[in-house]
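**Student:** Structure below; questions to follow.
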Amino acid sequence: MIPILTVQDPEQAVLASEALARGGMTVIEITLRTAQALASIRAVKEALPSLQVAAGTVLDDRQMDAALAAGSDFCVSPGLTPALLRAARDRGCSLLPGVATASDIMCGLAEGFQVFKLFPAMAAGGVALLRSLSGPFPDVRFCPTGGVTRENLGILLAEPNVLCCGGSWMASQSLIDAADWAAIEGLASAAQSGRGTGP
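Shown next, in the form of structure tokens:
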């Protein structure tokens, strides 16, 4: 499970990440959607060096360079372009590129990728799409993200071609704003067990 954070403040990012780690999470994604995203990545890596921190919403090589400089362990993109895939290869950057179609997957395979973020997972077809893609791409594995919830997590994780899922409900903006670290920890613990919902 990869919790996805979109944070406005590095201190909040650290506190939320600590709660997620207490709940059993070993990987988080901080999206590059706010002015404080890079500072948040740096702060979390300094506070929790053993936590794998991904930079999310990486769209081009410039953002990739900035994310790596901030200490990101890997990058996640909502889609893929040949230029982005080449940039990852040239920099030795682990990249989870986004796909939504068979053509996207074929482009990624041509560049040596076999693990993809399926995005937006539920809007693109959810379980039905995952099953359809398993035929022509039996060796490809996915991280569905986008529309993943506590309620559908278990169904997605049951698919053989799903390695993990990404979701934001464990550390939603409302929970972060309320400083409800106990709730974040509980949701993380439940998601880590594959249940999604709390105990």
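For the sequence shown, this note's numbering gives the first residue as 308, with consecutive numbering after it. Beta carbons: idealized from backbone N, C-alpha and C, even for Gly. Keep in mind it's a predicted model, so treat the numbers as computed, not measured.
Between P310, L425, G386 and D368, which lies nearest to L358 when the distance is taken from Cα to Cα?
**Tutor:** Of P310, L425, G386 and D368, the residue nearest in Cα terms is P310.
**Student:** Does the Cβ of G442 have 16 or more other Cβ atoms within 10 Å, making it buried, or fewer, making it exposed?
**Tutor:** Answer is exposed; the Cβ neighbour count stays below 16.
**Student:** What number of angstroms, rounded off, separates the C-alpha of A323 from the C-alpha of P427?
**Tutor:** Taking the straight line from one Cα to the other gives about 24 Å.
**Student:** Starting from A328, trace the beta strand (DSSP E) in both directions and tell me its first and last residue.
**Tutor:** It is not in any beta strand (DSSP E) - A328 instead sits in the alpha helix (DSSP H) that spans P317 to R329.
**Student:** State the start and end residues of the unbroken alpha helix (DSSP H) segment that holds E418.
**Tutor:** Counting along the chain, E418 falls outside any alpha helix (DSSP H), and DSSP gives it neither H nor E.
**Student:** Alpha carbon to alpha carbon, how far is A435 from I462?
**Tutor:** Each residue's Cα considered, the two are about 11 Å apart.
**Student:** What residues match up with T338 in a beta bridge as DSSP calls it?
**Tutor:** T338 pairs with G363.
**Student:** Does the distance from the C-beta atom of M477 to that of L327 stay below 8 Å?
**Tutor:** Contact: yes.
**Student:** Going straight from the alpha carbon of S439 to that of A407, what length do you get?
**Tutor:** Taking the straight line joining both Cα atoms gives about 12 Å.
**Student:** Please report how far the alpha carbon of G433 lies from the alpha carbon of R457, in whole angstroms.
**Tutor:** Whole-angstrom Cα-Cα distance: 14 Å.
**Student:** By DSSP, does R396 sit in helix, in strand, or in coil?
**Tutor:** Helix at R396.
**Student:** Could you give the uninterrupted runs of the alpha helix (DSSP H) lying entirely in the stretch 404–471, keeping only those of 4 residues or more?
**Tutor:** Those alpha helix (DSSP H) runs which fall completely within the stretch 404–471 and span 4+ residues are 409–417, 428–431, 433–441 and 460–464.
**Student:** To the nearest angstrom, how far is the alpha carbon of P404 from that of A490?
**Tutor:** Roughly 30 Å separates the two Cα atoms.
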